[in-house]
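Student:
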Amino acid sequence: MAKISTPYKDRKNGLEWAVFGVGLVLVLTILGYLIYKTVTYIPGSPHLVMEYTADPGPHEPNRFHVVVHNRGNETAESITVALGLFREGKEVDKAELAIDFCPKESTREGWVAFSTRVTPVDTVRGWVVSYEKP
Amino acid sequence: MKSTSEKRPLRESLQEYGRGIAGGLLFSFPLLYTMEVWWAGFFSSPLQLILVILFTFLLLLGYNRYAGMHPEASWRHVMIDSVEELGIGFLLSLGLLSVLGRIEIGSMSLIESMGKVVIEAMVVSIGVSIGTAQLGINGDDNEEKQQTGAFERERQSGLLSLIILALCGSILVGGNVAPTEEILVIGVEAHPGHILAMALVSLVICVLIIFFVDFEGSGSLKNTKPQIFTIAMETSVCYLVALGTSALLLWFFGRLTGGSFWTGFSQCIALGVLSSLGASAGRLLIK
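Those protein sequences? They're chains A and B, same order as listed. Mind the numbering: the first sequence is residues 162 to 295 in the numbering used here, read in order. Mind the numbering: the second sequence is residues 89 to 375 in the numbering used here, read in order.
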């Protein structure tokens, strides 16, 4: 970078050339990656995949850890996912988790807790309730 | 063969980088702390991000050509410095977003993190350029100052320099507010009378700052009585640049899609109040 002084001379030292080199590599790398993503981009809708595992906490024995992956080509906004607790085929409890955004190729996670005690014979099923396009 | 004494001392380079970083932070902190800007990072398509980088690079070239660098600096030097400032902008944005916890390796995809960095780096790198050029102490002697001042006045007197500096000023000021919901709320709720008043206020701001309040940087105008044509031309250019910048920023942050023409128009005029402040006062301060 040059400060205004008269007359103008190119007074770059090794450090400034090094910073320029790093800057150039960074700019070209980012541009290259973005060009690659532009060329390979296929328009599509969000594709949400949900995973959940029992994760009881000291004060929340019925807690589940929920992970949502967006494997689609579009960001999903205002996502609601639900976990249902089923006993002998009937839903006895339901817990929901709201997530603001899940961008494409990204992951968001959270926890939900049932108010009903989960026993080994119960079945837990999860599903994505809704989301919108930003 | 160049002697080693021609090279800038390391201390001086570090001081310039320090000023650049200070300028980058000063102008970009509102954006770094705005949620809508983080969201824009993953809403934007890769093509939009490429356009942001190219637009920022063009602004840096223009600013360095007409204000940031020595008037005699060649285009090669202007390009080298612009790349350097863009690189510093990327690194600074990456560092700050990481510190703020807005970039997480593992749960966020590379394109999401990159989108956030690219958008924040837009204002950071312009701030770096302005900080380097404007925040230092001017230690030149009087003769040098007069010579440089004469060069400055000559290169900043043209229409193109006016447009480019007004564009930089309006991006810096208007860009801090453009992504927020408030502009949409104002645009949706304002009556036509309010919108007209906003447009008139913007024009008055431009005229007063450029011609009548002895604002810092308007020194070349204060000893002469400006002609009506000059006032009309500079004010119009200033306001048009402000409106154009407002429209561009609003479009980029997705505020112009899905609404009526009137809603988009109202938002442009509402943001135009701040952008015109940037195009007039901001332009005079950064030149």
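Here a beta-carbon is modelled for each residue, glycine too, at the ideal position from N, C-alpha and C. This structure is a prediction, so every number in the text was calculated from the model and none was measured.
Would you mind telling me which residues of chain B sit closer than 8 angstroms to A/Ser267, beta carbon to beta carbon, in chain order?
Tutor: For the purposes of this step, residue 267 of chain A is taken as the residue at position 106 of the first sequence. Result: Phe130, Ser195, Met196, Ser197, Glu200.
Student: Starting from A/Arg269, follow the beta strand (DSSP E) in both directions and report where the run begins and ends.
Tutor: As a working mapping, residue 269 of chain A is identified with position 108 in the first sequence. Looking at the DSSP string, the run of the beta strand (DSSP E) that includes A/Arg269 is 268–274.
Student: Would you report the Cα separation of B/Leu211 and B/Ser217, rounded to the nearest angstrom?
Tutor: Your numbering for residue 211 of chain B matches position 123 in the second sequence. Your numbering for residue 217 of chain B matches position 129 in the second sequence. The amino acid at residue 211 of chain B is misidentified as Leu; the sequence shows Val. One C-alpha to the other measures close to 10 angstroms.
Student: Against chain B, does A/Pro207 count as a neighbour if the rule is that its beta carbon must be under 8 angstroms from one of theirs?
Tutor: Counting from 1 along the first sequence, the entry for residue 207 of chain A is found at position 46. Cβ-Cβ to chain B under 8 angstroms: no for A/Pro207.
Student: Mapping the DSSP letters down to three states, classify B/Met210 as helix, strand or coil.
Tutor: Sequence index remark: in the second sequence, residue 210 of chain B carries index 122 (1-based). In the structure shown, B/Met210 sits in a helix (DSSP, three-state: H, G or I).
Student: Taking only three categories from DSSP, how would you classify B/Thr345?
Tutor: On the second sequence, residue 345 of chain B is found 257 positions in, with the first residue counted as 1. Note: B/Thr345 maps to coil in three-state DSSP.
Student: Looking at the strands, I want to know which residues DSSP matches up with A/Cys263.
Tutor: Within the first sequence, numbered from 1, the residue matching residue 263 of chain A stands at position 102. DSSP, once it has assigned bridges, lists A/Ala237 as partnering A/Cys263.
Student: Compute the beta-carbon to beta-carbon distance between A/Phe225 and A/Asp254, rounded to the nearest angstrom, for a pair I have assumed lies under 8 angstroms.
Tutor: Along the first sequence, one-based indexing puts residue 225 of chain A at 64. Along the first sequence, one-based indexing puts residue 254 of chain A at 93. No, A/Phe225 and A/Asp254 are not in contact; Cβ-Cβ is about 11 angstroms, not under 8 angstroms.
Student: Anything in chain B within Cβ reach of A/Leu185, meaning under 8 angstroms, just list it in chain order.
Tutor: For this step, residue 185 of chain A is matched to residue 24 along the first sequence. Residues of chain B passing the Cβ test: Val171, Gly175.
Student: In this structure, does DSSP put B/Gly385 in helix, strand or coil?
Tutor: Only positions 89 to 375 of chain B appear in the structure, and residue 385 of chain B is not among them; the question remains open.
Student: With DSSP as the reference, label A/Lys251 as helix, strand or coil.
Tutor: The residue given as residue 251 of chain A occupies position 90 in the first sequence. In the structure shown, A/Lys251 sits in a strand (DSSP, three-state: E or B).
Student: Please list, in chain order, the residues of the segment 250–279 of chain A that have any C-beta partner in chain B closer than 8 angstroms.
Tutor: Listed in sequence order: Phe262, Pro264, Lys265, Glu266, Ser267, Thr268, Arg269, Glu270.
Student: What residues from chain A crowd round B/Glu377, counting only those whose CB sits closer than 8 angstroms?
Tutor: The requested residue 377 of chain B does not occur in the structure, where chain B is confined to residues 89 to 375.
Student: Could you tell me the distance, in whole angstroms, from the CA atom of B/Met376 to the CA atom of A/Pro281?
Tutor: The first residue shown for chain B is 89 and the last is 375, placing residue 376 of chain B beyond what the model contains.
Student: Is there at least one Cβ from chain B nearer than 8 angstroms to A/Ile165's Cβ?
Tutor: The sequence position of residue 165 of chain A within the first sequence is 4, counting from 1. A caution first: A/Ile165 carries a pLDDT of 49, below 50, which makes its placement in the model unreliable, though a value can still be read off. For A/Ile165, the answer is yes, since a Cβ of chain B falls inside 8 angstroms of its Cβ.
Student: Here's the rule: buried if 16 or more other CB atoms are within 10 angstroms of the residue's CB, otherwise exposed. What is B/Arg107?
Tutor: Here residue 107 of chain B corresponds to residue number 19 of the second sequence, with the count starting at 1. Answer is buried; the Cβ neighbour count reaches 16.
Student: Under three-state DSSP, which class holds B/Ile41?
Tutor: The question about residue 41 of chain B has no answer, for chain B in this structure spans 89 to 375.
Student: Count the other C-beta atoms from every protein chain shown that fall within 10 angstroms of the C-beta of B/Ser195, then say buried if there are 16 or more, exposed otherwise.
Tutor: Sequence index remark: in the second sequence, residue 195 of chain B carries index 107 (1-based). B/Ser195 should be labelled exposed.
Student: Are the C-beta of A/Glu177 and some C-beta of chain B separated by less than 8 angstroms?
Tutor: The count along the first sequence starts at 1 and reaches residue 177 of chain A at position 16. Chain B contact via Cβ: present.
Student: Find the residues of chain B that neighbour A/Leu195, judging by a C-beta separation of less than 7 angstroms, and give them in chain order.
Tutor: Reading the first sequence from its first residue, position 34 is the one you call residue 195 of chain A. Chain B residues near A/Leu195: Pro134, Leu137, Ile138.
Student: Can B/Ala110 and B/Leu223 be called in contact, C-beta distance under 8 angstroms?
Tutor: If you number the second sequence from 1, residue 110 of chain B lands on position 22. If you number the second sequence from 1, residue 223 of chain B lands on position 135. Yes. Within cutoff.
Student: Would A/Gly287 and A/Ala259 qualify as a contact pair, given that the criterion is a beta-carbon distance under 8 angstroms?
Tutor: As a position in the first sequence, residue 287 of chain A is number 126, starting the count at 1. As a position in the first sequence, residue 259 of chain A is number 98, starting the count at 1. Not closer than 8 angstroms, so no.
Student: Residues of chain A with CB closer than 7 angstroms to the CB of B/Trp127, please, in chain order.
Tutor: For the purposes of this step, residue 127 of chain B is taken as the residue at position 39 of the second sequence. Ordered by position in chain A, the residues that pass the 7 angstroms Cβ test against B/Trp127 are Phe262.
Student: Taking 8 angstroms as the CB-CB limit, is B/Gly212 close to chain A?
Tutor: Working through the second sequence from its first residue, we reach residue 212 of chain B at position 124. The question names Gly, but residue 212 of chain B in the sequence shown is Val. With 8 angstroms as the cut-off, B/Val212 does not count as an interface residue toward chain A.
Student: Determine, using beta carbons only, whether B/Arg371 and B/Ala266 come nearer to each other than 8 angstroms.
Tutor: For the purposes of this step, residue 371 of chain B is taken as residue 283 along the second sequence, with counting starting at 1. For the purposes of this step, residue 266 of chain B is taken as residue 178 along the second sequence, with counting starting at 1. Contact: no.
Student: Pick out whichever of B/Glu104, B/Leu146, B/Phe117, B/Ala155 has its Cα sitting closest to the Cα of B/Gly246.
Tutor: As a working note, residue 246 of chain B is residue 158 in the second sequence. Answer by Cα proximity: B/Ala155.
Student: Could you tell me the distance, in whole angstroms, from the CA atom of A/Arg269 to the CA atom of A/Pro295?
Tutor: Against the first sequence, residue 269 of chain A aligns to sequence position 108. Against the first sequence, residue 295 of chain A aligns to sequence position 134. Straight-line Cα distance between these residues: approximately 16 angstroms.
Student: Can you tell me whether A/Thr214 is helix, strand or coil according to DSSP?
Tutor: Stepping through the first sequence from its first residue, residue 214 of chain A is reached at position 53. A/Thr214 falls in the strand class under three-state DSSP.
Student: Please confirm whether A/Val188 has its beta-carbon closer than 8 angstroms to some beta-carbon of chain D.
Tutor: Protein chains in the displayed structure are A and B, and chain D is not among them.
Student: So what does DSSP say about B/Leu223, is it helix, strand or coil?
Tutor: Position 135 of the second sequence holds residue 223 of chain B. B/Leu223 falls in the coil class under three-state DSSP.
Student: Three-state secondary structure (DSSP) at A/His230?
Tutor: Within the first sequence, residue 230 of chain A is the residue found at index 69, counting from 1. Three-state DSSP puts A/His230 in a strand.
Student: Considering just the uninterrupted stretch of the beta strand (DSSP E) at B/Ile186, what are its terminal residues?
Tutor: Along the second sequence, read from residue 1 onward, the residue named residue 186 of chain B stands at position 98. Ile is not the amino acid found at residue 186 of chain B; the sequence shown has Ser there. Premise fails: B/Ser186 lies in the alpha helix (DSSP H), 163–187, not in any beta strand (DSSP E).
Student: Might you give, ordered along the chain, the residues of its own chain that have their beta carbon closer than 7 angstroms to the beta carbon of B/Gly257, omitting 5 neighbours on each side?
Tutor: Locating residue 257 of chain B in the second sequence gives position 169, where the first residue counts as 1. Result list for B/Gly257: Gly366, Ala367, Gly370, Arg371, Ile374, in chain order.
Student: Using 8 angstroms as the cut-off, can you tell me whether the segment 170–186 of chain A makes contact with the segment 207–214 of chain A, which would need three or more C-beta pairs spanning the two stretches below that distance?
Tutor: No: the two stretches stay apart, fewer than three of their Cβ pairs being nearer than 8 angstroms.
Student: Count the other CB atoms, across all protein chains shown, that sit within 10 Å of the CB of B/Ile316; report buried if there are 16 or more and exposed otherwise.
Tutor: Taking the first residue of the second sequence as position 1, residue 316 of chain B is located at position 228. With fewer than 16 other Cβ atoms within 10 Å, it is exposed.
Student: Helix, strand or coil, according to DSSP, for A/Ala256 in the structure here?
Tutor: Position 95 of the first sequence, counting from 1, holds the residue named residue 256 of chain A. Note: A/Ala256 maps to strand in three-state DSSP.
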